[in-house]
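Q: First, the structure itself, so that you have it in front of you.
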Amino acid sequence: HVPYTLESGKKTLAKLSFCQKLFGEKLGGAIYGAQRVVSHLVFGWPAYLIAGVTGGPVRGLTNHFIPVKPFSTGDKNTELFPGYWKTKVWASDVGIVAMAGLLSLWAMKFGFWHMAALYLGPLA
7 HVPYTLESGK KTLAKLSFCQ KLFGEKLGGA IYGAQRVVSH LVFGWPAYLI
57 AGVTGGPVRG LTNHFIPVKP FSTGDKNTEL FPGYWKTKVW ASDVGIVAMA
107 GLLSLWAMKF GFWHMAALYL GPLA
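For the sequence shown, counting from 1, position 43 maps to 49 in the numbering used here; every step adds exactly one.
And the structure:
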């Protein structure tokens, strides 16, 4: 989480206030909150993981899946995944690919909805 500056806080409150004036205080707050959740989780989080767009200039370009140049351009002292951490990132990548493969096999054998109900259903 990055704390608000005075200017960004004013913009955020202005957007919330606009939604509340347009839809009423309760519904406007809910719509604004839903919009923020979607923008953060659907767009912001993947953009951060893939390109480090919110990571700031100190780390340079960062990629949470490929921790080597040209995908990670931080200096030796400021890189996001220094030394042994690169090995951990690669191991995590193998785990992600293996899990995606197992879920795909499960869905092909028993159907997508069966897999979704048992694997994704508990998240709801």
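The beta carbon of each residue, even a glycine, is placed where N, CA and C say it ideally should be.
Compute the Euclidean distance between the alpha carbons of K27 and A20, then round it to the nearest angstrom.
A: 10 Å
Q: Is the number of C-beta pairs between the segment 65-73 and the segment 86-104 that are closer than 8 Å three or more?
A: By the criterion of at least three beta-carbon pairs nearer than 8 Å, the segment 65-73 is in contact with the segment 86-104.
Q: Once DSSP output is grouped into helix, strand and coil, what is the label at H70?
A: Of the three classes helix, strand and coil, the one that applies to H70 here is coil, per DSSP.
Q: With DSSP as the reference, label L126 as helix, strand or coil.
A: Looking at L126 - three-state DSSP - the assignment turns out to be helix.
Q: Give the DSSP-derived three-state secondary structure of D99 in the structure shown.
A: DSSP places D99 in the helix class (H, G or I) of the three-state scheme.
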